[in-house]
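With the sequence shown counted from 1, adding 3 to any position gets you the working numbering.
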Amino acid sequence: MIPQFPILFLLSFSNFLCFSASKTIYEALKSHGLPMGLLPKGIQDYQLDNSGNFTVFLDRECNAKFENELHYDRNVSGTLSYGQIANLTGVAAQDLFLWFPVKGIRVDVPSSGLIYFDVGVVFKQFSVSLFETPRECLAVQPPEAASKSHYGKLRYRRDPRDFGRAIL
Ligand SMILES: *[C@@H]1O[C@H](CO)[C@@H](O)[C@H](O)[C@H]1NC(C)=O
Ligand SMILES: *[C@@H]1O[C@H](CO)[C@@H](O)[C@H](O)[C@H]1NC(C)=O
Ligand SMILES: *[C@@H]1O[C@H](CO)[C@@H](O)[C@H](O)[C@H]1NC(C)=O
């Protein structure tokens, strides 16, 4: 039976989205106004509670290539609400060869076509369209994984003795 008014159809369609949000975390992103490609392929399992807190379990630590590269730990968690993810852990973005933990992600409501990554000091701005589909997430090469664990500036905080020696 076809609903008489388009609005009825829309309402039942949005109900359907609410239900299916419990089906996959990608659909949960979508029903919160966020692009599904924020999370990569390779999700083994996830938890999502009523408060929007989620944890996603990937099959391995990996990197996915967008305009910049994103790194995902095996466990990614955050708090999902409409148009944003807060308290994000387990995601880092590469910029100028350094890795910065992404603490939050948000889009404008209504959408401006832009998405913002909170990397602590600044918000990095990208086009939402970059993140429309989940990407392949490639296993991290061991050397890259090693340098990645020293996020951002920490990377330069190496061995102070080298500095001393350089002066002598
Ligand atoms: C959701 O996660 C946040 C941050 O980790 C935490 O402070 C909060 O207590 C959690 N809420 C629930 C209902 O578990
Ligand atoms: C990921 O979460 C699982 C289940 O909570 C836990 O057993 C595991 O230690 C976590 N792994 C990492 C790398 O934090
Ligand atoms: C999680 O995010 C919410 C909303 O931004 C914030 O109020 C809360 O303090 C955060 N919790 C933690 C543990 O960061």
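Every residue gets a Cβ at the ideal spot worked out from N, C-alpha and C, and that includes glycine.
Distance between residue j and residue i (C-alpha atoms, nearest Å)
| i | j | result |
| --- | --- | --- |
| Ile118 | Asp48 | 26 Å |
| Phe100 | Arg138 | 21 Å |
| Gln97 | Asn53 | 32 Å |
| Tyr75 | Leu83 | 17 Å |
| Lys106 | Pro113 | 22 Å |
| Pro38 | Phe69 | 13 Å |
| Asp111 | Arg63 | 31 Å |
Limits of the unbroken alpha helix (DSSP H) element including residue i
| i | result |
| --- | --- |
| Lys33 | 28 to 34 |
Whether residue i touches residue j by CB criterion (8 Å)
| i | j | result |
| --- | --- | --- |
| Asn90 | Gly81 | yes |
| Ile108 | Gln87 | yes |
| Ile28 | Leu51 | yes |
| Asn78 | Cys140 | no |
| Phe134 | Phe126 | no |
Selection from the options that minimises the alpha carbon distance to residue i
| i | options | result |
| --- | --- | --- |
| Ala142 | Ser34, Leu41, Gly45, Ala31 | Gly45 |
| Tyr85 | Gly36, Val105, Cys140, Asn78 | Gly36 |
| Val59 | Lys68, Leu32, Phe69 | Leu32 |
| Val124 | Ser34, Trp102, Val131, Gly93 | Trp102 |
Bounding residues of the beta strand (DSSP E) (the contiguous stretch that carries residue i)
| i | result |
| --- | --- |
| Gly45 | Neither: Gly45 is in no beta strand (DSSP E) and is coded neither H nor E. |
| Asn90 | 87 to 98 |
| Val79 | 72 to 84 |
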